[in-house]
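Read the structure below first, then the notes.
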Ligand SMILES: [Fe+2]
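Residue numbers (my numbering): 90 to 390.
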């Protein structure tokens with residue numbers, strides 16, 4: 090991912106200076122697209138269409154939706170462009186009301202068309218059309234178009250992250266990533282310290298004026314002032330050991346530790362541990378993810 094981020098930043102800088110060539114933009118585009126394909130590479134055909142929960146989306150939908158985004162861009166800027174299939178819009182649009190009626194998000198796994206084969210054809214077809222478009226635009230590649238592509242790349246990074254979450258829900262330890270990074274080593278004896286932050290007026294938001302070479306969504310701008318009261322915050326992120334202690338201390342049985350919506354969800358869903366935690370045969374807690382099964386007590390801190 091680091092390489093991709095460097096590409097992203099250098100593209101932005103060059104775009105602003107009017108130096109970015111369309112073939113370079115296309116190279117960057119294909120790197121992002123290939124990274125998406127790498128995530129779905131280990132999947133079987135059946136995995137692409139299943140929706141295991143309302144909050145996740147089937148991998149087929151992600152692939153089509155990501156392609157739909159560039160498809161919309163081409164429809165606006167590519168003279169003479171002919172959309173692949175207009176009837177894909179209804180299924181692959183997600184939340185852009187301005188592009189028409191939306192398909193119910195929680196029912197993305199209830200239809201079998203477009204098929205996986207058709208969706209992959211659409212994915213590759215969009216890649217080819219983007220290549221044709223950028224070739225035809227070489228002389229007039231303007232900053233507006235480049236910025237929209239960079240927005241498209243960031244949209245795709247976001248979905249790549251979502252796909253990983255969704256694959257965890259769909260397959261957990263049955264998903265074998267093409268590349269599996271080593272988890273960070275276990276840190277023993279994390280110092281449980283809280284820091285007091287004094288209240289006052291703070292600035293938040295992204296300062297585009299000072300960081301022209303960085304990408305940010307428009308909702309992250311502009312820089313603005315906010316007032317915060319005094320507060321305490323943990324010095325380190327919560328550990329599995331902390332969660333374990335919370336469970337053993339009846340955390341899932343006591344409303345005092347929950348906001349009302351959370352407590353309702355605990356009762357309704359009978360939650361007694363975080364998602365993907367299971368009790369082993371000997372009563373120990375086990376976490377299930379792409380690495381397989383991990384005993385929680387082993388990496389307590
Ligand atoms: Fe999206």
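We treat Cβ as the ideally placed atom computed from N, Cα and C, and that holds for glycine.
Requested in this report: Would you grab the beta carbon distance between residue 211 and residue 177 for me? Rounded to a whole angstrom, and I think it's under 8 Å.
Outcome: Your numbering for residue 211 matches position 122 in the chain shown. Your numbering for residue 177 matches position 88 in the chain shown. Residue 211 to residue 177, Cβ: 6 Å. Contact.
Report task. Locate the alpha helix (DSSP H) running through residue 129, then write down its first and last residues. Result -> Taking the first residue of the chain shown as position 1, residue 129 is located at position 40. Here the alpha helix (DSSP H) through residue 129 covers 111-129.
Query raised in the report: For the beta strand (DSSP E) that contains residue 275, what are its first and last residues?
Result: Translated into the one-based positions of the chain shown, residue 275 becomes position 186. Residue 275 -> no beta strand (DSSP E), and no H or E assigned at all.
Report task. Quick one: grab the DSSP three-state call for residue 386. Result -> Taking the first residue of the chain shown as position 1, residue 386 is located at position 297. Three-state result, residue 386: helix.
Requested in this report: Ignoring anything shorter than 3 residues or poking outside the stretch 323-365, list the beta strand (DSSP E) runs there in chain order.
Outcome: none
Query raised in the report: Is residue 244 near ligand 1, in the sense that its beta carbon is under 7 Å from a heavy atom of that ligand?
Result: As a working mapping, residue 244 is identified with position 155 in the chain shown. It does: the Cβ of residue 244 is within 7 Å (strictly closer) of some heavy atom of ligand 1.
Query raised in the report: residue 258: beta carbon under 7 Å from a heavy atom of ligand 1?
Result: Locating residue 258 in the chain shown gives position 169, counting from the first residue. Residue 258 Cβ: outside cutoff for every heavy atom of ligand 1.
Query raised in the report: By DSSP, does residue 295 sit in helix, in strand, or in coil?
Result: By one-based count along the chain shown, residue 295 stands at place 206. Residue 295 falls in the coil class under three-state DSSP.
Query raised in the report: Under 8 Å, do residue 259 and residue 141 count as touching if we go by C-beta distance?
Result: Position 170 of the chain shown holds residue 259. Position 52 of the chain shown holds residue 141. It is a contact, given that the beta carbons lie within the stated cut-off.
Query raised in the report: Which partner residues of residue 310 appear in the DSSP bridge assignment?
Result: If you number the chain shown from 1, residue 310 lands on position 221. In the DSSP output, where bridge partners are listed per residue, residue 310 has none listed.
Report task. Could you spell out the range, first to last residue, of the alpha helix (DSSP H) harbouring residue 302? Result -> Mapped onto the chain shown, residue 302 falls at position 213. From DSSP, residue 302 is part of no alpha helix (DSSP H); its letter is neither H nor E.
Query raised in the report: Can you tell me whether residue 269 is buried or exposed, with buried defined as 16 or more other CB within 10 angstroms of its CB?
Result: The count along the chain shown starts at 1 and reaches residue 269 at position 180. Looking at its Cβ environment, which holds fewer than 16 other Cβ atoms inside 10 Å, residue 269 is exposed.
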